[in-house]
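> Each residue of the sequence shown is one higher than the one before, counting from -6 in my numbering.
What follows is a single structure, and I will ask about it in a moment.
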Amino acid sequence: LRGEPVSETMAGAVRATAETQAELFPALVALTSMAGLGVAWWLYIRLALGRRGALGPLREFRFNDHWVWLFVGGLLALILGLGELWTQAGSNAVLFMGALYALRGAAVVLFVNGGISALGVVALSLGMVFLAPVILLGALVIGLGDTWLDIRTRAVRAADAGR
């Protein structure tokens, strides 16, 4: 194999990606650690105890509403630009909480729709290939909105009132 020189554009893109990953490393480690702990807990309950349902359904995913202030604080640190350390802390807080709020938004959508069909999985997969930022931003907005509007509780109350 003969080595071809790498273009400056490609080298710059790789360098920028590496710098971004280094800056967001704490948030990425926290997110992967949470995912790993979830898998470990599911395996423990499933294999050691032989029970199903170690993790609740995604449609019931929620967390304490006060965590929104970590997201807001991260946004403020990014917007105000108080220095490199505060900007890095803010971007890590926004990434970490943004991922959790996007997951919460997906839970709200699943709850309101009553689940997802096979066709919905295919459409979501195609959408994530072509429109991932739009879909994730929409899920983030829905998740943040659920913090103040409590959409799932309102939907249950409306269904109970209609009976």
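For every residue, glycine included, the Cβ atom is placed at its ideal position computed from N, Cα and C.
(1) Measure from the alpha carbon of L63 to the alpha carbon of each residue in G46, R39, V(-1) and G83, then state which is nearest.
(2) Would you say L133 and A95 are within 8 Å of each other, going by their C-beta atoms?
(3) Anyone know if the C-beta pair for F104 and R145 falls short of 8 Å?
(4) If you run the structure through DSSP and keep just helix, strand and coil, what is I38?
(5) For S110, report the span of its alpha helix (DSSP H) as first-last.
(6) Could you check whether the segment 110 to 123 touches the segment 34 to 46, counting it as contact only if at least three pairs of C-beta atoms, one from each stretch, sit closer than 8 Å?
(7) I need the DSSP call for F54, collapsed to helix, strand or coil.
(8) Within the segment 73 to 129, note down every full alpha helix (DSSP H) run reaching 4 residues or more, in order along the chain.
(9) Inspect the beta-carbon positions of G113 and D139 and report whether they are closer than 8 Å.
(10) Along the chain, where does the alpha helix (DSSP H) containing V149 start, and where does it finish?
(11) Using only CA atoms, which one of A70, P(-2), A86 and R147 lies nearest to L21?
(12) To which residues of the same chain is I128 closer than 8 Å at the C-beta, ignoring the five residues directly before and after it?
(13) Looking only at its chain, what residues have a beta carbon closer than 8 Å to the beta carbon of R39, apart from the 5 residues adjacent to it on each side?
(14) Near L73, what residues of its chain come up, given a Cβ to Cβ distance below 8 Å and the 5 sequence neighbours on each side ignored?
In terms of the structure at hand:
(1) Minimum Cα-Cα distance from L63 among the listed residues G46, R39, V(-1) and G83 corresponds to G83.
(2) In contact: L133 and A95 (Cβ atoms closer than 8 Å).
(3) Closer than 8 Å, so yes.
(4) The answer is helix: DSSP assigns I38 an H, G or I state.
(5) Per DSSP, S110 belongs to no alpha helix (DSSP H) and is neither H nor E.
(6) No: fewer than three Cβ pairs fall under 8 Å.
(7) Correct three-state label for F54: coil.
(8) Listed in chain order, they are 77 to 106.
(9) Going by C-beta atoms, G113 is not nearer than 8 Å to D139.
(10) Per DSSP, the unbroken alpha helix (DSSP H) holding V149 starts and ends at I144 to A154.
(11) Residue A86 holds the alpha-carbon nearest to the alpha-carbon of L21 among A70, P(-2), A86 and R147.
(12) Closer than 8 Å at the Cβ level, and outside the excluded window around I128, lie L117, G120 and M121.
(13) The beta carbon of R39 sits closer than 8 Å to those of R45 and A47, all from its chain and outside the five residues before and after it, given in chain order.
(14) Excluding five sequence positions before and after L73, the CB atoms of its chain that fall closer than 8 Å to its own CB belong to W79, given in chain order.
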